[in-house]
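Chains as they are written, first to last, in the numbering used here: chain A, 1 to 168; chain B, 1 to 168. Think of the CB as a built atom: it goes at the ideal place given N, C-alpha and C, for glycine as much as any other residue. Just so it is clear, the structure is predicted and the values come from calculations on it, not from any experiment.
Number of protein chains: 2
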Amino acid sequence: MEIYLIRHGIAEEQREDVKDEERKLTKEGKQKTEKVAQRLAELDLKFDFILTSPLVRAYQTAEILIKTGLGDKLEESTHLAPNGDISAWIADWLEPNTQTSKISPETKLALVGHEPDLGNWAELLVWGEVKGNIVLKKAGTIGIKVPEQATPLGNSQMFLLTPPKYLL
Amino acid sequence: MEIYLIRHGIAEEQREDVKDEERKLTKEGKQKTEKVAQRLAELDLKFDFILTSPLVRAYQTAEILIKTGLGDKLEESTHLAPNGDISAWIADWLEPNTQTSKISPETKLALVGHEPDLGNWAELLVWGEVKGNIVLKKAGTIGIKVPEQATPLGNSQMFLLTPPKYLL
Chain A
1 MEIYLIRHGI
11 AEEQREDVKD
21 EERKLTKEGK
31 QKTEKVAQRL
41 AELDLKFDFI
51 LTSPLVRAYQ
61 TAEILIKTGL
71 GDKLEESTHL
81 APNGDISAWI
91 ADWLEPNTQT
101 SKISPETKLA
111 LVGHEPDLGN
121 WAELLVWGEV
131 KGNIVLKKAG
141 TIGIKVPEQA
151 TPLGNSQMFL
161 LTPPKYLL
Chain B
1 MEIYLIRHGI
11 AEEQREDVKD
21 EERKLTKEGK
31 QKTEKVAQRL
41 AELDLKFDFI
51 LTSPLVRAYQ
61 TAEILIKTGL
71 GDKLEESTHL
81 APNGDISAWI
91 ADWLEPNTQT
101 SKISPETKLA
111 LVGHEPDLGN
121 WAELLVWGEV
131 KGNIVLKKAG
141 TIGIKVPEQA
151 TPLGNSQMFL
161 LTPPKYLL
């Protein structure tokens, strides 16, 4: 199974009169995210499920992935909100007897969320601990292959880490 | 300082009558490596030094980087041959009083070599230990930012990991 950790695009700056969870993508953020999504679609990437943080800037990013044809099943996951717990997400989505009908070795999942969480999740999946040494830019993507048998934490492989500029 | 770990392109299969270190890039390997190099050049990447394993398939890859305008200083490093020692390379290139006139915070180095060595070097730089969980395809690139002060092992940051297909 492959997991693509995708950070939301460029969003409005923090302001006193806008709650953090309601900050929207800027025009530039939308355009850049659309270009990234188009490029991924050209590479024949197709997600079986697109899971997103419920925060507006992430949800809008996920909607762009759907609109571009990268998938058609969108679900919110509170685990993908800032400070979300990867173990809780794994229990929901990857452990036997939960969602097993949804997941096969060929499944591709997109997880749309935030930094530093997504970089930390990548480190936990690939190395089993967080050093905070992965740099994931806005609208950037991390690609991770999860093993079929072993526990994903510390046993997954990273095959992709790219900011938008290498894709555009 | 940024280090780009670049794996050699597709090479001839192993044969009894050709020494491993003399295996050349195939026609497809040259073409794909040229395209990757052109794409990196379009992104305004320019290396201050291109260091390469002395093995023919790596040296030919480094020559393609030079020919594409990605740099003009090419040096062989035996540390980049298979099973090379990153600590010896760091002592040669990054420690104070060695090559200091060559290295500044803005320096960009390309290191052309082999798997699994380059993936292992990336893990050592970023996490300080090897798990063998980075997948680096032929003609693929890993981008790493080395800290100005701290020792590079375990303190560097990864900002790029891409197989050729995302660049072409």
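Within its chain, find whatever has a CB closer than 8 Å to the CB of residue i; leave out the 5 residues flanking it on each side and keep chain order.
| i | result |
| --- | --- |
| serine 104 of chain B | Met1 |
| proline 152 of chain A | Ile90, Leu94, Leu125 and Val146 |
| glutamate 63 of chain B | Leu74 |
| glutamine 14 of chain A | Asp20 and Arg23 |
| valine 130 of chain B | Asn120, Glu123 and Leu124 |
| histidine 79 of chain B | Asp85, Ile86, Ala88, Trp89 and Asp92 |
| alanine 150 of chain B | none |
Does DSSP classify residue i as helix, strand or coil?
| i | result |
| --- | --- |
| leucine 126 of chain B | Inspection of the sequence shows that residue 126 of chain B is occupied by valine rather than by leucine. DSSP places valine 126 of chain B in helix when its eight states are reduced to three. |
| valine 56 of chain A | helix |
| leucine 5 of chain B | strand |
| threonine 26 of chain A | coil |
| valine 36 of chain A | helix |
| glutamate 76 of chain A | strand |
| alanine 150 of chain A | coil |
| isoleucine 90 of chain B | helix |
| threonine 68 of chain A | coil |
| leucine 45 of chain B | coil |
| alanine 212 of chain A | Lying before the first or after the last residue shown, residue 212 of chain A is absent from chain A, which here runs from 1 to 168. |
| glycine 143 of chain B | strand |
| glutamine 31 of chain A | helix |
| alanine 11 of chain A | strand |
| leucine 167 of chain A | coil |
| leucine 160 of chain B | strand |
| leucine 172 of chain B | Since the displayed chain B opens at 1 and closes at 168, residue 172 of chain B lies outside it and no answer follows. |
Does any residue of chain A have a CB that is nearer than 8 Å to the CB of residue i?
| i | result |
| --- | --- |
| isoleucine 134 of chain B | yes |
| leucine 55 of chain B | no |
| threonine 162 of chain B | yes |
| phenylalanine 159 of chain B | yes |
| leucine 111 of chain B | no |
| lysine 46 of chain B | no |
| lysine 73 of chain B | no |
| lysine 131 of chain B | yes |
| serine 156 of chain B | yes |
Give me, in chain order, the residues of the same chain whose beta-carbon lies closer than 7 Å to that of residue i; leave out the 5 immediate sequence neighbours on both sides.
| i | result |
| --- | --- |
| alanine 122 of chain B | Leu5, Ile134, Ile142, Ile144 and Met158 |
| lysine 32 of chain A | Gly9, Ile10, Ala139 and Pro164 |
| alanine 81 of chain A | Ser53, Pro54 and Leu55 |
| serine 156 of chain A | Leu125, Val126, Ile144, Lys145, Val146 and Pro147 |
| leucine 160 of chain B | Thr141, Ile142 and Gly143 |
So that I know if they touch, is there some Cβ in chain C lying closer than 8 Å to that of residue i?
| i | result |
| --- | --- |
| lysine 165 of chain A | Chain labels in this structure do not include chain C; the protein chains are A and B. |
Do residue j and residue i come within 8 Å of each other at the CB atom, strictly closer than that value?
| i | j | result |
| --- | --- | --- |
| valine 112 of chain B | threonine 61 of chain B | yes |
| leucine 55 of chain A | tyrosine 166 of chain B | no |
| lysine 30 of chain A | glycine 71 of chain A | no |
| glycine 84 of chain B | tryptophan 127 of chain B | no |
| threonine 68 of chain B | glutamate 28 of chain B | no |
| lysine 73 of chain A | aspartate 92 of chain A | no |
| glycine 140 of chain B | arginine 7 of chain B | yes |
| isoleucine 50 of chain B | leucine 65 of chain B | yes |
| alanine 58 of chain A | histidine 114 of chain A | yes |
| threonine 52 of chain A | serine 87 of chain A | no |
Answer yes or no: does any C-beta atom of chain B fall closer than 8 Å to that of residue i?
| i | result |
| --- | --- |
| valine 126 of chain A | yes |
| leucine 43 of chain A | yes |
| lysine 35 of chain A | no |
Taking residue i and residue j to be in contact with their CB atoms under 8 Å, please state how far apart those CB atoms are, rounded to whole angstroms.
| i | j | result |
| --- | --- | --- |
| lysine 24 of chain B | glutamate 12 of chain B | 6 Å |
| lysine 137 of chain A | proline 164 of chain A | 6 Å |
| isoleucine 3 of chain A | leucine 118 of chain A | The Cβ separation is near 10 Å, so there is no contact. |
Looking only at its own chain, which residues have a Cβ that is under 6 Å from the Cβ of residue i, when we skip the five neighbours before and after it?
| i | result |
| --- | --- |
| glutamate 22 of chain B | Val56 |
| isoleucine 10 of chain B | Thr26, Glu28, Gly29 and Lys138 |
| threonine 107 of chain A | Met1 and Asp48 |
| valine 18 of chain B | none |
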